[in-house]
Structure formats: structure tokens, C-alpha cells
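J.: The sequence shown: position 302 = 553 (the working numbering), numbered continuously.
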Amino acid sequence: MDLSVLMGRFNVNGRLVALQPFGSGNINDTYLAIFRNTFTESQVILQRINRNVFQRPEIIMDNMHHVTMHCHEKLRSDAQAGRDDRVWQMPRIIKARDSRSYAVDERGEVWRVITRIMSARAFDVAQGPEHALECGSVLGHFHYLVSDMPPERVENPLPGFHVTSGYLAGYDAVLEKPEAKELLVSSMEAKRCAKFIAERRDLALCLEKAERGGELVKRMFHGDPKVNNIMIDEVTGKGTAMIDLDTVSPGLIHADFGDALRSICNPAGEEETNLSKVVFDEDLCTAFCRGYMREAGAFLTEADREYLYDSIRLLPFELGLRFFQDYLNGNVYFKTKTPEQNLNRARVQFRLCESIESRERSIRSVLRRL
Ligand code: GN1
Ligand code: MG
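(1) Mapping the DSSP letters down to three states, classify P402 as helix, strand or coil.
(2) If the criterion is Cβ atoms closer than 8 Å, does the pair C536 and V617 meet it?
(3) Could you check the C-alpha separation between G379 and L603 for me, to the nearest Å?
(4) Please state whether DSSP places L618 in a helix, a strand or coil.
(5) Check whether the Cβ atoms of L551 and F575 lie closer than 8 Å to each other.
(6) For the candidate residues I365, Y422, N264 and H323, whose alpha-carbon lies nearest to that of T281?
(7) Got a sec? Which residues, its chain only, sit under 8 Å from I494 by beta carbon, not counting five neighbours each side?
(8) Please report the straight-line C-alpha distance between S562 and F508, rounded to a whole angstrom.
(9) Going by the CB atoms, is the gap between Q340 and A492 shorter than 8 Å?
(10) Using only Cβ atoms and a threshold of 6 Å, which residues come within that distance of a heavy atom of the ligand SAM? Order them by chain position.
(11) Would you mind giving the Cβ-Cβ distance between I607 and R564, rounded to the nearest angstrom? I have them listed as a contact below 8 Å.
(12) Taking the C-alpha atoms as reference points, what is the distance between R348 and S416?
(13) Out of S328, V376 and A354, state which residue places its alpha-carbon closest to the alpha-carbon of G274.
(14) Taking 8 Å as the limit between beta carbons, can you name the residues of its chain near T524, skipping five residues before and five after?
(15) State yes or no: is the C-beta of N277 within less than 8 Å of the C-beta of K586?
(16) For T498 versus F412, is the C-beta distance shorter than 8 Å?
(17) Let me make sure I understand the geometry here. Which of L559, A597 and N279 has the alpha-carbon closest to that of K446?
(18) Reducing DSSP to helix, strand and coil, say where Q378 ends up.
(19) Can you tell me the Cα-Cα spacing of M400 and I345, whole angstroms?
(20) Put G599 into one of helix, strand or coil per three-state DSSP.
(21) How would you label A441, buried or exposed, when you count the other beta carbons within 10 angstroms and need 16 or more for buried?
(22) Give me the residue from S388, P308 and Q331 with the minimum Cα distance to G359.
(23) Among the residues of its own chain, which have a CB less than 7 Å from the CB of H317, if the five just before and after it don't count?
(24) Assuming F539 and L512 make a contact with CB atoms under 8 Å, what is their CB distance in whole Å?
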């Protein structure tokens, strides 16, 4: 279907004057749509939800509705109590004209429209310590906002998401396929990735064991707090919103903490091909943690703090494993432009994991001082 016809099925006023690809997500397809009328302009985000990943899109739309309602309520009472140092923002669902929260095209593809956070932008890599600190504040504040949200309000959109042992099992299963075996024997780099994983299988269980033992408990988490899902106000330079709410659900906030840091502390970015540039930046880590603790420090337990380092080491390992598994499996999950892209992404994450391991003492001392 013509995208502008599809856009017309949603409830936005004005004439559509531009509709263009937007952002750099690895899962959904995203477009920016600009509408104008005589007096004003509105910009909204049109997205095709990847059905291969999110098999039940109605779940993510219901969840998004509940999460934004909950946070909005809390933001309103905080503002009344004068507790905010800025206007925190959130994306909101724009309904289709038939009042459903999404529209289905003639090919069965599912589309939604959400508001754009205006005068704000996200970056693919951290811009420096001040930016990292703002990212920390935004994630910490988001955890605070959802901390008292009843978990039964949301349905798990992706069972097994951030359960590293499950990814290991999936990887082992893929390795049994002849095509995967072929890819593995034909590349030194793939062999090195397999060795890297084999040497760290125990690491995969660190947070899961702590959860089973009752040291860590599930709370509401974002699920995907990488640097380009954190909006920074262009006017003030302050963090203003967490976007991409598709994976908000009960989980360990450690997964968010580790995921944000693996993204923010790697200024070379996820697609770097020169691996010598991939280094875990401790200054960015310190700044992020300061911002995070300012907002979330009050509700972290001693045990929560104990496992922060493990989460920083685990999340690049987990994402590297996911990229590598997808490479061996024919690139069916993450969007790719070349067949080797997921292999390279895996190598970047593993390199980052090594860089974290070599800085363990110093990272732990940063965390202790928080
Ligand atoms: C995916 O779609 P995007 O780019 O926000 C992935 C995350 C990964 C990220 C790596 C649902 O997020 O888990 O960390 O790529 N999202 C899902 O760039 O799998
Ligand atoms: Mg996402």
C-alpha cells in the first residue's frame, strides 16, 4: 500500500507534506510524517511493526497504552509537587480513524503512529560525558516512573528477552544446522566468536542465578535503553524522554543498566569495522552512572549494586551472542545490509566485553563510589 494512503488511515489533522525514512532501528521500519495546515505543523512517527519479532502486535500497543498512562499520571503529580527539574516527555499513540491502535495493510503488515518528541534528538553514539550523564538520568527517571506500575498491567511481549541462558540454548540449536556449521568452518572470525562464547558460558548465568537465589527481583524494565532510544532536548541539552517502549515489561533492571552502558560507553558504535577503535570508555561510564544514581539510587538495594558490574559485562556478551546466532542462522532477526553485518556486530560486542573485562577493577571502583 502507498504509505501516504496508509498514513491517511490515522487520525492526524492537516495535509501530509513529507514522509521519509527515519532513525536507525534494527527491527521495525520507521518513517517521519509531517503534516501542515494554515496555522501549524505536526510531526508524527509511522512504524511498521516487525511481525517476525513481535508476533502479537496488539500486546505491544496495549502495553504502550498502559505504560504511558501510568507514567503520565505520575509525571502530573510530580509536577504539582514541584519535584521535576524539567519537562519529561513520552511518545503517545495516535489512533487509527477506526479507533484501533494500529492499522493492517493488504499484505497483513501492522502499522502504528505515535507522536514525535519535538525539539529533541537521539544520537547513535554518546557525544561526551555530559550527554552520558543525561542518558543516565533519563534511564534512572524512567525506572523510577515505572517502578510502581503493577506488573500484571503489561503482558510479556517477547518471552525470553534478556534471558541469556535461553539465547545460549538457541545458539547451540542453530549450531546443529548444516548451514551454520558451514559458515563456522569457513571463517576465522566466526571461529573466534564461537571460542569467545565457549569460554564464557558460565557468565551467561550470573544474573539468572542471582534472581533464582532471591538476591535480585524483577521490576519493570525498558528492555532496549540504547543510546539512540534516549531523547535529548535540543534547546536545553537535557535528557527528556525514553522512546521505543515495545519491550517495557517485568525484568531485571540490570539488563537495562548493562544494555545502556554497552551502548553509551562504546563511542565507536555498533557498526564499527575497525575493532581497535572499540574500547569501553570509563569516563562515559562514570558520567552515566552519576546521572542514573541521581534518579534511581534511592531504590537500589545493596544486592542490586553488587550485580551492576556483572550486568555491564553480561549485556555486550548477550547481544554479541544474539548477533552471532543470527549470522549463523541466515540473518532472519536483525535487519542487515550485507551477509557479514551481524558477524561484524557480534565481533564489536565481544571486543567491548573484553575491554570491560580488562577494566574490571577500575569499573568496580567507579561503581563502589556511587
Ligand atoms: C534491537 O530495534 P532496535 O534497534 O531498537 C533489539 C535490541 C538490541 C538492538 C541492538 C526487540 O533494537 O535488543 O539491543 O537492536 N531489539 C529487539 O542495536 O530485539
Ligand atoms: Mg527497539
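Using N, Cα and C, we set each Cβ at its ideal position, and we do this for glycine too. Owing to the predicted nature of the structure, the values given are computational and were not obtained by experimental measurement.
T.: With the structure as the only source:
(1) The sequence position of residue 402 within the sequence shown is 151, counting from 1. In the structure shown, P402 falls within a helical segment according to DSSP collapsed to helix, strand and coil.
(2) Position 285 of the sequence shown, counting from 1, holds the residue named residue 536. Position 366 of the sequence shown, counting from 1, holds the residue named residue 617. Against a cut-off of 8 Å, the Cβ pair of V617 and C536 comes out as a contact.
(3) The count along the sequence shown starts at 1 and reaches residue 379 at position 128. The count along the sequence shown starts at 1 and reaches residue 603 at position 352. When only Cα atoms are considered, G379 and L603 end up about 18 Å apart.
(4) Against the sequence shown, residue 618 aligns to sequence position 367. Looking at L618 - three-state DSSP - the assignment turns out to be helix.
(5) For the purposes of this step, residue 551 is taken as the residue at position 300 of the sequence shown. For the purposes of this step, residue 575 is taken as the residue at position 324 of the sequence shown. Between L551 and F575, the gap from beta carbon to beta carbon reaches 8 Å or more.
(6) Sequence index remark: in the sequence shown, residue 281 carries index 30 (1-based). It is I365 whose Cα lies nearest to the Cα of T281.
(7) Residue mapping note: residue 494 aligns to position 243 of the sequence shown, counting from 1. Non-local C-beta neighbours of I494 in its own chain, meaning closer than 8 Å and more than five positions away in sequence, comprise P342, I368, A373, N480, I481 and M482, ordered along the chain.
(8) Taking the sequence shown and counting its residues from 1, one reaches residue 562 at position 311. Taking the sequence shown and counting its residues from 1, one reaches residue 508 at position 257. Distance between the alpha carbons of S562 and F508: 7 Å.
(9) The residue given as residue 492 occupies position 241 in the sequence shown. The residue given as residue 340 occupies position 89 in the sequence shown. Contact flag set, yes.
(10) Among the ligands modelled here, namely the ligand GN1 and the ligand MG, the ligand SAM does not occur.
(11) The sequence position of residue 607 within the sequence shown is 356, counting from 1. The sequence position of residue 564 within the sequence shown is 313, counting from 1. 5 Å between Cβ atoms; contact.
(12) Working through the sequence shown from its first residue, we reach residue 348 at position 97. Working through the sequence shown from its first residue, we reach residue 416 at position 165. The straight-line gap separating the alpha-carbon atoms of R348 and S416 is approximately 43 Å.
(13) As a position in the sequence shown, residue 274 is number 23, starting the count at 1. Selected option, being the one with the closest Cα: V376.
(14) The residue labelled residue 524 in the question sits at position 273 within the sequence shown. Cβ within range, chain order: N595.
(15) Looking up residue 277 in the sequence shown gives position 26. Looking up residue 586 in the sequence shown gives position 335. The answer is yes: Cβ separation under 8 Å.
(16) Counting from 1 along the sequence shown, the entry for residue 498 is found at position 247. Counting from 1 along the sequence shown, the entry for residue 412 is found at position 161. Going by beta carbons, T498 and F412 fall inside the 8 Å limit.
(17) For the purposes of this step, residue 446 is identified with residue 195 of the sequence shown, where counting begins at 1. Of the candidates L559, A597 and N279, the one whose C-alpha sits nearest the C-alpha of K446 is A597.
(18) Taking the first residue of the sequence shown as position 1, residue 378 is located at position 127. It is coil, neither helix nor strand.
(19) Taking the sequence shown and counting its residues from 1, the one referred to as residue 400 is at position 149. Taking the sequence shown and counting its residues from 1, the one referred to as residue 345 is at position 94. If you take the alpha carbons of M400 and I345, they lie about 23 Å apart.
(20) Against the sequence shown, residue 599 aligns to sequence position 348. What sits at residue 599 in the sequence shown is Val, not Gly. In the structure shown, V599 sits in a helix (DSSP, three-state: H, G or I).
(21) As a first step, residue 441 is located in the sequence shown; it is residue number 190 there, counting from the start. Buried.
(22) Taking the sequence shown and counting its residues from 1, the one referred to as residue 359 is at position 108. If you compare the alpha carbons of S388, P308 and Q331 with that of G359, the shortest gap goes to P308.
(23) Numbered from 1 along the sequence shown, position 66 holds the residue referred to as residue 317. Excluding sequence neighbours, H317 sits near R404 and V405.
(24) Working through the sequence shown from its first residue, we reach residue 539 at position 288. Working through the sequence shown from its first residue, we reach residue 512 at position 261. Confirmed, about 6 Å.
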